[in-house]
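Below: one structure, written as structure tokens.
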Amino acid sequence: MKKLLEILSEEMGKAFEAAGYDAALGRVTISNRPDLCEYQCNGAMAGAKQYKKAPIMIANAVAEQLADTAVFSQVTAVAPGFLNLKLSDTFLSEYVKQMSREEKFGLESPEHPKTIVIDYGGPNVAKPLHVGHLRSAVIGEAVKRMERFAGHKVIGDVHLGDWGLQMGLIITELQERKPELPYFDESFTGEYPKEAPFTLSELEEIYPTASGKSKVDEEFKAKALQATADLQQGKRGYRAIWKHIMDISIADLKKNYENLKVDFDLWYGESDSQKYIPEMVEKMKRDGYAYVSNGALVVDVAREDDKKEIPPCMILKSDGAAMYDTTDLATILQRTIDFQPDSIIYVVDKRQELHFEQVFRCARKTGQAAENTELKFLGFGTMNGKDGKPFKTREGGVMRLSSLISQITDQMYEKISGNEALGAEEAKTTAAQVALAALKYGDLSNQASKDYVFDIDKFISFEGDTGPYILYTIVRIKSILNKYREQGGEISMDALTTPSNDSEKDLYMQLAQFNSMLEAACEELAPHKVCAYIYDLANAFNRFYHETRILTEEDASKKAGWIALLALTKDILECCIDLLGFSAPEKM
RNA sequence: GCAUCCGUAGUCUAAUGGAUAGAACGGAGGCCUCCGACGCCUUUGAUGCAGGUUCGAUCCCUGUCGGAUGCACCA
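So, in structure tokens, the structure goes:
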């Protein structure tokens, strides 16, 4: 269904036209002076120059045309030329009633659904997830759910880091520790063992050790680089080790992401694009794009109008090995072949912006991406500690994501375990549920591109603009609805009446904004807009709730109408938090 | 050095070029015989600085100061 503001703008546009002005001037927006009006139109001022008339004259003429509109209950022209509007109660409630019947609360599905690949998560195999992986997972998951809800075909790909130097480092370290393993025996032709020669926790220790060594030991680093190249060339024993690492690591990653309510459609990695690389490189050479510079094979991507110098995209290092430019390009090619996507969205740390700028340009120039495929970089900022510096453990190390989550869950448990309505078991699961909401809302309520401060006490607070506050509001509504059912009441959206006071009308207006809010949030890939919306909606509900005795109301139709209003509010809140990637308990 | 992004109340955060810059936390004060007071209502307080474009600028442009980040064989 049409967005409310669209309808209002059309109505206003007709009035402008009838008064002899351009209908486009009739754009209506939400009032920024709620004390004066609910909606406003500033078209008279915009048109003043064009028509060489005082804005107030235009505004007056337009207001006259709206004398008997069914949409507005009040239209006033105010100096210097504002048109202040109030909505008709019946029009508003009809709109909301219609919306409650629609499949997606009135959000229209796109005429041409897009195929969108979202690249997020980006964990490295053999390394546990740490706090640096949180934002990509949380933001990417929200964007995926939003676009999917909007009606697009969305494919979420975790894009594992499984092909770079870290694999060579692990192989090299393993060889030093256990040189007797068949994987390192060049003459071995039999089948390699099914069991991995290491456990998950060993693996998680091997990588940092090897990484540390490579920084001080030149020889070790050279070996690791060689091992990386050998692996990429397909050396049999190395591939077998790699497979072990992958199996162990992915099983663990899946478990961790599941705890975060994050799930991927594809578990592809850099390695999966490998088979496209040789042909891609050849074609780049053949087409004259790639040339050798300082021993490496590169493609120029600089443009004349660049203010800054954009280094060329590196296709192959001087030792012939692929690097992240290469795999990212080959991955674009792979996705083009597999899905012909209309859009590929990268949810990546914003520090990688230059890299992706290079890759996108190169992909366009050399034809890895179709011309009509848009490549979007959704860069996110750093999660900082209270000191304003990147989040660390007390000891100054990198904090594991699982520790962060258990920390916030434990604190949440302490807060809610005092609630006697909850059993011990229920308190545990509820704590985990609310903690996840606190964590995700704390992250998503900020604009993705900005750095933000991870403040655990603020996030888990039930007061203010937080996840728990949203959940609390939902739980409160559920509690009322349950009582109503216990009294034998039935909930039906048809019971919606017209608003009878300001706080109720405000709640109606908040609800009516759902479709335009979500459309904007999807368009701008901005989950924080969904957060801002549900916060406003929860506030509007709480204000209304405070003023209205619902269950004791004697007028049955009034009561049923309020119940319907509550039910719709709850449905929309729950819909939104599902898009953000968390859920509400029954009690808390 | 060059470049990019960001500077909004004490803190944190929002605002397709529109009126008196919107919230949250904190501070001050009030509201439970009543559907969950983890709530609600008052109140306090901000666009780094200097110019320009515009009828109108937090937003666009220029300069300046401050912060973050990036600048080919790591990802």
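In terms of numbering that gives the first Met the number 0, the first sequence has 308 at position 309, counting the first letter as 1, and numbering is strictly consecutive.
For every residue, glycine included, the Cβ atom is placed at its ideal position computed from N, Cα and C.
Predicted model only: the values in this text are computed from it and were never measured.
Item                                                                                                      : Value
Coil, strand or helix - P389 by DSSP                                                                      : strand
CB-CB length for G380 against K449, believed under 8 Å                                                    : 5 Å
Of the listed residues G42, K364 and A555, nearest to K282 (C-alpha basis)                                : K364
Which residues DSSP lists as bridging H129, in chain order                                                : R399
DSSP three-state assignment for S92, whether helix, strand or coil                                        : helix
First through last residue of the beta strand (DSSP E) which encompasses C575                             : That residue, C575, is in no beta strand (DSSP E); its alpha helix (DSSP H) goes A555 to L579.
Local conformation of Y288 per DSSP, three classes                                                        : coil
Cα-Cα separation, M44 to K13                                                                              : 17 Å
Member of G287, S135 and K242 whose CA lies at the smallest distance from the CA of S270                  : K242
Endpoints, alpha helix (DSSP H) assigned at T429                                                          : A423 to L443
Inter-stretch contact (C-beta, 8 Å, three-pair minimum) for the segment 179-186 and the segment 286-299   : no
Proximity below 8 Å, CB of K152 to CB of I117                                                             : no
Outcome for S8 when other beta-carbon atoms lying within 10 angstroms are tallied against a minimum of 16 : buried
Three-state class that DSSP yields for I309 in the structure shown                                        : coil
Nearest residue (CA-CA) to I138, options G80, T75, P196 and D348                                          : D348
Secondary structure of G150, DSSP reduced to three states                                                 : coil
Endpoints, alpha helix (DSSP H) assigned at Y532                                                          : P526 to E546
V300 in three-state terms, based on DSSP                                                                  : coil
Per-residue DSSP class, three states only, for S270                                                       : helix
Beta strand (DSSP E) segment containing Y507, residue limits                                              : Y507 -> not in any beta strand (DSSP E); alpha helix (DSSP H) instead, spanning D501 to A511.
E370 and D341 closer than 8 Å at C-beta                                                                   : no
Cα-Cα separation between D554 and Y119, rounded to whole angstroms                                        : 52 Å
Assigned exposure category for T208 - 16 Cβ within 10 Å defines buried                                    : exposed
Reduced DSSP secondary structure (H/G/I, E/B, other) of E140                                              : helix
Whole-number beta carbon distance between A226 and I170, since they are thought to touch under 8 Å        : 5 Å
Residue of T392, Q512, Y345 and S499 minimising C-alpha distance to V157                                  : Y345
Status (buried if at least 16 other CB within 10 Å, exposed otherwise) for H111                           : exposed
Assumed close pair I490, L506 - CB separation to whole angstroms, cut-off 8 Å                             : 17 Å between Cβ atoms; not a contact.
At least 3 beta-carbon pairs within less than 8 Å: the segment 469-483 vs the segment 533-552             : yes
For I343: DSSP bridge partner residues                                                                    : V116 and L374
Counterpart residues of Q39 in DSSP-defined beta bridges                                                  : T28 and N83
Counted within 10 angstroms of its Cβ, other Cβ atoms place Q232 as buried (16 or more) or exposed        : exposed
DSSP beta-bridge partners of V77                                                                          : F81
Rounded straight-line distance, which links the Cα of V397 to that of S272                                : 30 Å
Test item: CB-CB of C40 and M11 under 8 Å                                                                 : yes
Simplified DSSP state of N418, which is helix, strand or coil                                             : coil
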